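Engineer:
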Amino acid sequence: MNSLHNLSLRQAAKALRCGQVSSRELTQASLERIEKLEPALHAFITLIPDLALEQADAADKLLRTWRKDPQDDLPPLLGIPLAVKDLLAQANVRCTCGSRVLENFIPPYSATSVERLLNAGIVTVGKTNTDEFAMGSSTESSAYGATRNPWDTDRAPGGSSGGSAAAVAARMVPAAIGTDTGGSVRQPASFCGVTGLKPTYGRVSRYGLVAYGSSLDSVGALARTAEDIVPIFEQMAGYDPRDATSMNLPVPQITLTDNPDLTGLRVGVPAEYFIEGIQPEVETAVRRAITQLESLGAKVMPVSLPYTEYALPVYYLIAPAEASANLARYDGVRFGVRQPADSLLEMFHHTRGAGFGAEVKRRIMIGTYALSAGYYDAYYGQAQKVRTLIKNDFERAFEQVDVIAAPVAPTTAFRLGEHSGSPLEMYLQDVFTLPANLAGVPGMAFPVGFDSQGLPVGMQLMGPHFREELLFRITHAYQQVTGWHQQAPSLS
Amino acid sequence: MSLTLSEVNHIAKLARLDLSGEEKEQYRQQLSEILEYAARLQAVDTSSIPPTSSVLPPRSVLREDVATSSLDVNQILSNAPDAAGNQFRVPPVMD
Chain A
48 MNSLHNLSLR QAAKALRCGQ VSSRELTQAS LERIEKLEPA LHAFITLIPD LALEQADAAD
108 KLLRTWRKDP QDDLPPLLGI PLAVKDLLAQ ANVRCTCGSR VLENFIPPYS ATSVERLLNA
168 GIVTVGKTNT DEFAMGSSTE SSAYGATRNP WDTDRAPGGS SGGSAAAVAA RMVPAAIGTD
228 TGGSVRQPAS FCGVTGLKPT YGRVSRYGLV AYGSSLDSVG ALARTAEDIV PIFEQMAGYD
288 PRDATSMNLP VPQITLTDNP DLTGLRVGVP AEYFIEGIQP EVETAVRRAI TQLESLGAKV
348 MPVSLPYTEY ALPVYYLIAP AEASANLARY DGVRFGVRQP ADSLLEMFHH TRGAGFGAEV
408 KRRIMIGTYA LSAGYYDAYY GQAQKVRTLI KNDFERAFEQ VDVIAAPVAP TTAFRLGEHS
468 GSPLEMYLQD VFTLPANLAG VPGMAFPVGF DSQGLPVGMQ LMGPHFREEL LFRITHAYQQ
528 VTGWHQQAPS LS
Chain B
33 MSLTLSEVNH IAKLARLDLS GEEKEQYRQQ LSEILEYAAR LQAVDTSSIP PTSSVLPPRS
93 VLREDVATSS LDVNQILSNA PDAAGNQFRV PPVMD
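Chains A and B supply the protein sequences, listed in that same order.
The first sequence begins at 48 in our numbering and counts up one residue at a time.
The second sequence begins at 33 in our numbering and counts up one residue at a time.
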């Protein structure tokens, strides 16, 4: 088999079980694919081939024993190569967060999400590129250079989990872990034509996820299909005493059937997400996908989220405010790159001035201002109140419908550098993804077509808190009857 | 909404950020633009609306008050830019 990298996660797991392929072979195929395409795409910040092969050999040993006596259930991810966004700690592997200030940081512990996947026997091939501290929508703010979109290498893969999305789209790995604070899993999934889940806030532990906006951050996953994300989600989810915001709720066992019948499900379509300025081809593809859900039996009805237009200003006050507090820790004292100075205060200023890139400094400045004496009530306080109204919008909508369907982003992948002159223009990219983070609801992005330039279009489903299984069920049904998710970019 | 350079200096000082003259001017313009955009929130009547600081239902999170293991000192210090003994070393706090 010379095209092992083409196997989906589910296919790879099946081939491993019946002994058609070893984890070492899968891992080598993944590493070779990365070696070949990395110069053109730059999806990774750090590669760890030696560790990956070591993990693969350990998995193969377990698989051999299991095949001789296949009684107990094997963890479904055993021996599967995955990539981890470089915003999540993996013990003894460099974690840069896309920042110069953490260029040399080697965490002594793993994030709970990563640890649970490692315990399930995954193979980690490397840490994927991200906008610096996840602050961006294109990976262009990474201090290690931008990732390129596999569908058109002059274009951005989206962000901030752009490295993870590009790696999955380019068949470097069957799946990757990402994080989503304002759309950072869903928007790159949409731009790169893959499927991405942002779970409910509190569903997956944030321990070891380097904090950006603590009331918004979530750990998610990207793969080619919703079905492939299921075992990753089930493994990562669940209560963790090390994260006080992780909820002590049972993790649903998600069983997907081949029957795509959606009879009885109500899909809401919010007018506020089909606004002027949206690329017409995006609207066409998303509306066509909604019609497809209707033809599978779902009842489609209009729904209103009237405070949607305020999500952008609310997010761009709350997230920077939380970031300005969270990033205070990069002061050159305990870890990271320290700039020499004669006094402690000077060291803080030099270290942070030299260590952070332009976008991170910008958001720290916005957040510091919004929290500063005299401005707190007008900016941060007011944003928190409007956040309540946005959250109420969703609660009211979910009294009428089971899920909400909408575009992921107003456009398909933009060109690298296209929005780099204007921060506000870049922030507008997040207009449809921010509300789910502000309300804490889960979202699933998946491909529903292409524009005239051959760039993928994504749709997102948003569901009530802790109802990820609805998103899996509907996306899986859609992927049973359509082929958009099977399209691959042509890369030599 | 237009920030002055002295306001930018003040924010940068609060945030412990060294900024070049060019950066300051750039952030003065960009922050003014962003804050002006954010000012549209003032139009929303929130007089009877409580703030949301967490989307989760309010609850207390308590654990038993028992000692558990943690990382050892060497692991913690392994990333330190400078350390002496079992401590982080920094430049003088005061002249």
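Think of the CB as a built atom: it goes at the ideal place given N, C-alpha and C, for glycine as much as any other residue.
Owing to the predicted nature of the structure, the values given are computational and were not obtained by experimental measurement.
(1) How would you list, in chain order, the residues of chain A whose beta-carbon sits under 7 Å from the beta-carbon of B/Q62?
(2) For chain A, check one thing: does any of its Cβ atoms lie closer than 9 Å to the Cβ of B/F120?
(3) Compare the C-alpha of A/V314 against each of A/A138, A/V448, A/A181 and name the closest.
(4) Pull up the distance between the alpha-carbon of A/T186 and that of A/F91, whole angstroms please.
(5) By Cβ distance below 6 Å, which residues in the same chain neighbour A/M592 in space, the five residues on each side in sequence not counted?
(6) Tell me whether A/R547 is buried or exposed, calling it buried when 16 or more other Cβ atoms sit within 10 Å of its Cβ.
(7) Spatial neighbours of A/G229 within its chain, please: CB distance less than 7 Å, with the 5 preceding and 5 following residues excluded, ordered by chain position.
(8) Does the stretch 109-126 of chain B come within contact of the stretch 465-472 of chain A, defined as at least 3 CB pairs closer than 8 Å?
(9) Could you check what DSSP says for A/F91 in three-state terms: helix, strand or coil?
(10) List the residues of chain A whose Cβ lies closer than 8 Å to the Cβ of B/L88, in chain order.
(11) Closer than 7 Å, Cβ to Cβ, to anything on chain B: give me those residues from the stretch 388-400 of chain A, in chain order.
(12) What residues in the stretch 81-105 of chain B have a beta carbon less than 7 Å from any beta carbon of chain A?
(13) Are the C-beta atoms of A/N176 and some chain B residue less than 9 Å apart?
(14) On the three-state DSSP scale, how would you describe A/M219?
(15) Which residue's Cα is closest to the Cα of A/K502: A/A318, A/A268, A/P204?
(16) Can you list, in chain order, the residues of its chain whose CB lies under 6 Å from that of B/L35, leaving out five sequence neighbours each side?
(17) Which residue comes first and which comes last in the beta strand (DSSP E) that contains A/F461?
(18) Roughly how many angstroms separate the alpha carbons of A/A370 and A/L110, rounded to a whole number?
(19) Between A/G255 and A/L135, how many whole angstroms is the CB-CB distance? I'm expecting something under 8 Å.
(20) Pull up the distance between the alpha-carbon of A/N373 and that of A/G414, whole angstroms please.
(21) Tell me the rounded alpha-carbon separation between A/W531 and A/G173.
(22) Give a single yes or no on whether A/A388 has its beta carbon closer than 8 Å to a heavy atom of the ligand MN.
(23) Residues in the same chain with beta-carbon distance under 7 Å from A/F280, minus the five sequence neighbours each way, listed in chain order, please.
(24) Should A/V528 go down as buried or exposed, given a rule of 16 or more other Cβ atoms within 10 Å for buried?
(25) Assuming A/L84 and A/L538 are in contact, meaning their beta carbons sit under 8 Å apart, how far apart are those beta carbons, in whole angstroms?
(26) From A/M48 to A/A60, what does the alpha carbon distance come to, in whole angstroms?
(27) Of all the residues that make up the stretch 426-455 of chain A, which are near chain B by a beta-carbon distance shorter than 7 Å?
(28) Going by the DSSP bridge assignment, what does A/G196 pair with across the sheet?
(29) Name, in chain order, the residues that DSSP records as bridge partners for A/I224.
(30) Alpha carbon to alpha carbon, how far is A/V140 from A/N306?
(31) Can you tell me the Cα-Cα spacing of B/I66 and A/D119, whole angstroms?
(32) Return helix, strand or coil for A/P454, following the three-state DSSP convention.
(33) Would you say A/H466 faces chain B, with C-beta separation under 9 Å as the test?
(34) Could you please tell me which residues of the stretch 201-215 of chain A, in chain order, have their CB closer than 9 Å to any CB of chain B?
(35) Residues of chain B with a CB under 7 Å from the CB of A/S351: which are they?
Structural biologist: On the basis of the coordinates in this document:
(1) Annotation: Cβ neighbours of B/Q62 in chain A (cutoff 7 Å, chain order): R409, P470.
(2) Yes, its Cβ sits closer than 9 Å to a Cβ of chain A.
(3) Ranked by how close their Cα comes to the Cα of A/V314, the residues A/A138, A/V448, A/A181 have A/V448 in first place.
(4) Using only the alpha carbons, I get a separation of about 11 Å.
(5) Residue 592 of chain A is absent from the model: chain A starts at 48 and stops at 539.
(6) Lying before the first or after the last residue shown, residue 547 of chain A is absent from chain A, which here runs from 48 to 539.
(7) Correct list, in chain order: L263, Y362, A366, D477, T480, L481, N484.
(8) The stretch 109-126 of chain B vs the stretch 465-472 of chain A: no contact.
(9) Strand.
(10) Listed along chain A, the residues sitting closer than 8 Å to B/L88 by beta-carbon distance are Y248, G249, T292, M294, G487.
(11) For the stretch 388-400 of chain A, which is checked against every Cβ of chain B, the residues closer than 7 Å are A388, D389, S390, L391, M394, F395, H396, H397, R399, G400.
(12) Here the close residues are I81, P82, P83, T84, S85, S86, V87, L88, V93, R95, L103.
(13) No, because no Cβ of chain B sits closer than 9 Å to the Cβ of A/N176.
(14) Residue state, collapsed to three classes: coil.
(15) At residue 502 of chain A the sequence reads Leu, which differs from the Lys that was named. Looking from the CA of A/L502, the closest CA among A/A318, A/A268, A/P204 belongs to A/P204.
(16) Answer for B/L35: R60, L63, S64, listed in chain order.
(17) Careful: A/F461 lies outside any beta strand (DSSP E) and carries neither H nor E.
(18) In a straight line, the C-alpha of A/A370 is about 44 Å away from that of A/L110.
(19) About 6 Å; that satisfies the 8 Å criterion.
(20) If you take the alpha carbons of A/N373 and A/G414, they lie about 11 Å apart.
(21) Cα to Cα, the separation comes out at about 27 Å.
(22) This structure lacks the ligand MN, and indeed carries no ligand of any kind.
(23) Leaving aside the five residues that flank A/F280 on each side, the residues in its chain whose CB is nearer than 7 Å to its CB run, in chain order, L244, P246, A268, E515.
(24) Counting Cβ neighbours within 10 Å, A/V528 comes out exposed, since fewer than 16 surround it.
(25) The C-beta separation of A/L84 from A/L538 comes to about 6 Å, placing the pair in contact by the 8 Å criterion.
(26) Reliability of the predicted coordinates at A/M48 is poor, the pLDDT of 44 falling under 50, and the value obtained from them is presented with this limitation in mind. So the two alpha carbons sit approximately 15 Å from each other.
(27) From the stretch 426-455 of chain A, only Y426, G428, Q429, A430, Q431, K432, V433, R434, T435, L436, K438 have a Cβ closer than 7 Å to chain B.
(28) The sequence shown places Asn at residue 196 of chain A, not Gly. Answer by DSSP bridge pairing, in chain order: A/D199.
(29) DSSP lists A/V131, A/A268 as partners of A/I224.
(30) Roughly 42 Å separates the two Cα atoms.
(31) Our two residues, B/I66 and A/D119, have alpha carbons roughly 57 Å apart in a direct line.
(32) Per DSSP, reduced to three states, the secondary structure at A/P454 is strand.
(33) Not closer than 9 Å to any Cβ of chain B, the Cβ of A/H466 fails to qualify, so no.
(34) Residues: none.
(35) What A/S351 touches in chain B: nothing, since even the nearest Cβ is about 16 Å away.
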